[in-house]
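Protein chains in written order, with our numbering: chain A, 83 to 243; chain B, 47 to 548.
Rendered as structure tokens:
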């Protein structure tokens, strides 16, 4: 007979918190379903499916939370152990900035710096290759789309492109 | 006789120069993404989904199908030469394929892999030609209850086979359905979960979701580690297997083909499951199982045949029932929908040119792949040395362009970036994106069929269990949901659970 001991619950258990997020989403979906009207079983309304999906989501989320409490789980820190976590963080920051810049600045002005940054962030490409590539790739794509396929990319307030 | 007439008709469509070109582009890109680790067929297909808009439905779908089965061929090259699977279905090929390469037998390993794939692909196509029209005639009798239950089964099978916790996979599937329901209700025209945004009235687009979850998220995950590659540098000679190799491989190819084809048809199954199942079977049947893992050619021939046969078999549920059995087929369904076509039992009779054209093109594509993967192997080996720090920024650029071109809408670029970030965190926390995407595509169909069945049966839930096909699907789904709760079976599931989305 081997005795099994329950691991102590730690508040930085990532499984627990992802379960909580799932539960929150489930509650939100239930509320949305109720707002949209459930209808009847003979004639289900727009919120019928959402309501029951929300219930299922809550059930699965609760099961994840329970498993995290009883079986433990990896901490947030351990998920990023032994990896270059700064790389995806920087790329995400670049992408968010790009999302804000795309419409006001237009495709070319926003994309050239993005590609240059990515070329230098991931595993730095030497400047002599990174700069021409960052300029030529977006300009080439823009040219093909505009002249070959008649697709207009956003030109921004400066109307470049 | 009918089949032969239709096949000739199909070849007439597939041999049109434009379709031949699209087929070549598809299998070429398929081999390319198969060869390059980190980029799977799902990412490539999602990247090229908008391109299908520019041509005829036949051309677009021929290209997309080519990417899928092409990646099955290409994936083995990387597994054998670099010991890194090019895509998930080639994971098992690393075990013996790379060992063969280390022993100086890379040529026969690549040869048996390409030839076994060709044999299996050919068999799968012939079976597809014979089975699909028959199944389509049966599927006409399917009502909404059967469709609903089949889709439930498909989702449950996929969540069962997904790596990690089943509760997480089921939660992902539910979220996928919810995302699929965003937009106007198809019955009452009431907007749902649109948050007052006019861009969401038509729902969230498949292209930004898939490109974000698979394209962008894949790049983010891959940048966390420096990818090191140990490419076999020796010159590859004698690609054709010898007599003894053929003798050892004939059985595994035959069994792998049959098993792969049937596993491919099953909803939720697919090439990954088939390759693992074939490897396990061959090891069990072998008189010398200790050779496996040390360069046994059977360990390459069987799984490679199985994954290609499964790729062919997976077309059956999509073409005959309109139900995609896996994420790749869900993307193909997206391509059909973009062109205003609905795959299902009526597709073969209403659009024979399309159906038979695709089937014939797959045969031509298989022949093209044989040429691409044997005489041109040197080219792919060179490509394996392409630096990732240059490749990843270009992938980001193409995802942005691809998403924008699919809708001419900057909002979709935001959606893609958001899903890319969400997809990255999902993977970090062990939530697989594959069930979400399949559920996202099936969500509206699932809801529609559920509501139709309830309206038709006047609210009688027994309609789902009184109809034999529907009942069988639901029973199977229930078994798969219960199985992981039993500790002994839970361990077995963990052994076969796979990352479909990789």
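We treat Cβ as the ideally placed atom computed from N, Cα and C, and that holds for glycine.
Predicted model, so just to flag it, every value in this text is computed and none were measured.
Which residues in chain A have a C-beta closer than 8 Å to the C-beta of residue i? List them in chain order.
{"i": "residue 435 of chain B", "result": "201, 204, 205, 206, 207"}
{"i": "residue 205 of chain B", "result": "Going along chain A, no residue has its Cβ under 8 Å from residue 205 of chain B, so there is no contact; the nearest lies around 10 Å."}
{"i": "residue 189 of chain B", "result": "Under the 8 Å cutoff, chain A gives no residues; its nearest Cβ is about 17 Å from residue 189 of chain B."}
Which residues in chain B have a C-beta closer than 9 Å to the C-beta of residue i? List them in chain order.
{"i": "residue 143 of chain A", "result": "213, 217"}
Taking Cβ-Cβ distances shorter than 7 Å, what residues in chain B pair up with residue i?
{"i": "residue 126 of chain A", "result": "497, 500"}
{"i": "residue 135 of chain A", "result": "220, 223, 224"}
{"i": "residue 219 of chain A", "result": "440, 443"}
{"i": "residue 239 of chain A", "result": "Under the 7 Å cutoff, chain B gives no residues; its nearest Cβ is about 14 Å from residue 239 of chain A."}
At the 8 Å Cβ level, is residue i part of the contact set with chain A, yes or no?
{"i": "residue 293 of chain B", "result": "no"}
{"i": "residue 193 of chain B", "result": "no"}
{"i": "residue 470 of chain B", "result": "yes"}
{"i": "residue 272 of chain B", "result": "yes"}
{"i": "residue 463 of chain B", "result": "yes"}
{"i": "residue 106 of chain B", "result": "no"}
{"i": "residue 450 of chain B", "result": "yes"}
{"i": "residue 466 of chain B", "result": "yes"}
{"i": "residue 548 of chain B", "result": "Here residue 548 of chain B scores only 36 on pLDDT, less than 50, and its place in the model should not be relied on; the value that follows carries that caveat. Closer than 8 Å: no."}
{"i": "residue 545 of chain B", "result": "Residue confidence is low: residue 545 of chain B scores 43 on pLDDT, short of 50, so the model does not pin down where it sits. Its coordinate-derived value is still stated next. Answer no: the Cβ-Cβ gap between residue 545 of chain B and chain A never drops below 8 Å."}
{"i": "residue 234 of chain B", "result": "yes"}
{"i": "residue 145 of chain B", "result": "no"}
{"i": "residue 337 of chain B", "result": "no"}
If you measure between the beta carbons of residue i and residue j, is that distance less than 8 Å?
{"i": "residue 363 of chain B", "j": "residue 441 of chain B", "result": "no"}
{"i": "residue 305 of chain B", "j": "residue 323 of chain B", "result": "yes"}
{"i": "residue 522 of chain B", "j": "residue 199 of chain B", "result": "yes"}
{"i": "residue 272 of chain B", "j": "residue 473 of chain B", "result": "no"}
{"i": "residue 620 of chain B", "j": "residue 489 of chain B", "result": "Absent from the structure is residue 620 of chain B, since the part of chain B shown begins at 47 and ends at 548."}
{"i": "residue 26 of chain A", "j": "residue 430 of chain B", "result": "For residue 26 of chain A there is no data in the structure shown, the boundaries of chain A being 83 and 243."}
{"i": "residue 156 of chain A", "j": "residue 96 of chain A", "result": "yes"}
{"i": "residue 446 of chain B", "j": "residue 459 of chain B", "result": "yes"}
{"i": "residue 93 of chain B", "j": "residue 438 of chain B", "result": "no"}
{"i": "residue 68 of chain B", "j": "residue 113 of chain B", "result": "no"}
{"i": "residue 248 of chain B", "j": "residue 238 of chain B", "result": "no"}
{"i": "residue 160 of chain B", "j": "residue 127 of chain B", "result": "no"}
{"i": "residue 198 of chain A", "j": "residue 213 of chain A", "result": "yes"}
{"i": "residue 135 of chain A", "j": "residue 224 of chain B", "result": "yes"}
{"i": "residue 427 of chain B", "j": "residue 91 of chain B", "result": "no"}
{"i": "residue 389 of chain B", "j": "residue 55 of chain B", "result": "no"}
Please confirm whether residue i has its beta-carbon closer than 8 Å to some beta-carbon of chain B.
{"i": "residue 83 of chain A", "result": "With a pLDDT of 42 at residue 83 of chain A, under the threshold of 50, the predicted position of this residue should be treated as unreliable, and no value is reported."}
{"i": "residue 167 of chain A", "result": "yes"}
{"i": "residue 152 of chain A", "result": "no"}
{"i": "residue 104 of chain A", "result": "yes"}
{"i": "residue 114 of chain A", "result": "yes"}
{"i": "residue 96 of chain A", "result": "yes"}
{"i": "residue 28 of chain A", "result": "Nothing in the structure corresponds to residue 28 of chain A, since chain A is present only between 83 and 243."}
{"i": "residue 214 of chain A", "result": "no"}
{"i": "residue 233 of chain A", "result": "yes"}
{"i": "residue 109 of chain A", "result": "no"}
{"i": "residue 190 of chain A", "result": "no"}
{"i": "residue 242 of chain A", "result": "no"}
{"i": "residue 122 of chain A", "result": "yes"}
{"i": "residue 93 of chain A", "result": "no"}
{"i": "residue 100 of chain A", "result": "yes"}
How about residue i: is its C-beta nearer than 8 Å to some C-beta of chain C?
{"i": "residue 185 of chain A", "result": "Among the chains of the structure shown, chain C does not appear; the protein chains present are A and B."}
I want to verify the contact list: residues of chain B whose CB lies under 8 Å from the CB of residue i, in sequence order.
{"i": "residue 161 of chain A", "result": "474, 475"}
{"i": "residue 227 of chain A", "result": "447, 451"}
Less than 8 Å between the CB atoms is what I'm expecting for residue i and residue j, so what's the real figure, rounded?
{"i": "residue 95 of chain B", "j": "residue 255 of chain B", "result": "Contact flag wrong, Cβ pair sits at about 11 Å."}
{"i": "residue 139 of chain B", "j": "residue 125 of chain B", "result": "4 Å"}
{"i": "residue 250 of chain B", "j": "residue 461 of chain B", "result": "6 Å"}
{"i": "residue 520 of chain B", "j": "residue 511 of chain B", "result": "7 Å"}
{"i": "residue 365 of chain B", "j": "residue 111 of chain B", "result": "So it is not a contact: roughly 11 Å between Cβ atoms."}
{"i": "residue 419 of chain B", "j": "residue 170 of chain B", "result": "Not quite, the Cβ-Cβ distance comes to about 17 Å (not below 8 Å), so this is no contact."}
{"i": "residue 114 of chain A", "j": "residue 213 of chain B", "result": "Going by Cβ atoms, the distance from residue 114 of chain A to residue 213 of chain B rounds to 22 Å, so no, they are not a contact pair."}
{"i": "residue 499 of chain B", "j": "residue 194 of chain B", "result": "6 Å"}
What does residue i touch in chain A if you count any residue whose Cβ is under 7 Å from its own?
{"i": "residue 460 of chain B", "result": "181"}
{"i": "residue 120 of chain B", "result": "Chain A residues near residue 120 of chain B: none, gap ~23 Å exceeds 7 Å."}
{"i": "residue 161 of chain B", "result": "Within chain A, no residue comes near residue 161 of chain B; the closest Cβ sits about 37 Å away, beyond 7 Å."}
{"i": "residue 456 of chain B", "result": "184, 185, 236"}
{"i": "residue 341 of chain B", "result": "In chain order: nothing, as chain A lies at least about 31 Å away."}
Quick one: which chain A residues come within Cβ less than 9 Å of residue i?
{"i": "residue 509 of chain B", "result": "Result: empty, since nearest Cβ-Cβ is about 11 Å, beyond 9 Å."}
Please list the segments of the alpha helix (DSSP H) lying wholly inside the stretch 434-459 of chain B, counting only runs of 4 or more residues, in order along the chain. 434-453
Write down every uninterrupted run of the alpha helix (DSSP H) in the stretch 243-270 of chain B whose length is 4 residues or greater and which is fully enclosed by it, in chain order. 252-256, 263-268
Return the chain-ordered ranges of every beta strand (DSSP E) run that is complete within the stretch 154-236 of chain A and spans a minimum of 3 residues. none
Write down every uninterrupted run of the alpha helix (DSSP H) in the stretch 97-152 of chain B whose length is 4 residues or greater and which is fully enclosed by it, in chain order. 103-128, 137-148
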